[in-house]
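Numbering (this note's numbering), first residue to last: -19 to 119. A short write-up of the structure that comes next.
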């Protein structure tokens, strides 16, 4: 590791801690990813790209990213309503920092899929937080 992640930032353990706090949550990195794909994006386009996210969660995460200065929301004050979302320069820089994670996921997709399938067989659950099957010793 380089010396850029040293515990010298007030309020944070290191630079990684600061970054993880900004992108905390399941959907924020994906929002940044899809917004980085090109230009301002309307809410409906983003919602379709995100698939499994609820409207409530997407709206909440967009509000947080906007408040954190990573996403710019433009309301055109039209009827019907038209709102665009775009990355700010700070958001662009963070989206670029996520590119290596995307690359890692793509390059290791087969192994990651195998690991999750193994975990599902072992735990008998496919969702994090789902209850595992009782062990034979617990019966």
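Cβ coordinates follow ideal geometry from the N, Cα and C atoms, glycine included. Note that the structure is predicted; figures quoted are calculated from it, not measured.
I'd like the span of the alpha helix (DSSP H) that includes residue i, first residue to last.
i: residue 48; result: Run containing residue 48: none; DSSP gives neither H nor E here.
i: residue 71; result: 69 to 87
i: residue 16; result: 8 to 16
i: residue -2; result: -5 to 2
Under 8 Å by Cβ, that's how I've got residue i and residue j pegged, so tell me the actual separation to the nearest angstrom.
i: residue 11; j: residue 26; result: 7 Å
i: residue 16; j: residue 67; result: 6 Å
i: residue 13; j: residue 78; result: 6 Å
i: residue 71; j: residue 38; result: Going by Cβ atoms, the distance from residue 71 to residue 38 rounds to 16 Å, so no, they are not a contact pair.
i: residue 95; j: residue 85; result: Not a contact, Cβ separation roughly 12 Å.
What are the residues that DSSP puts in a beta bridge with residue i?
i: residue 22; result: 64
i: residue 32; result: The partner list for residue 32 (beta bridge, DSSP) is empty, contrary to what the question assumes.
Buried or exposed, going by whether 16 or more other CB atoms sit within 10 Å of the CB of residue i?
i: residue 75; result: buried
i: residue 41; result: buried
i: residue 7; result: buried
i: residue 45; result: buried
Checklist entry - Using 8 Å as the Cβ pair cut-off and three pairs as the minimum, do the region 21 to 35 and the region 53 to 72 touch? => result yes
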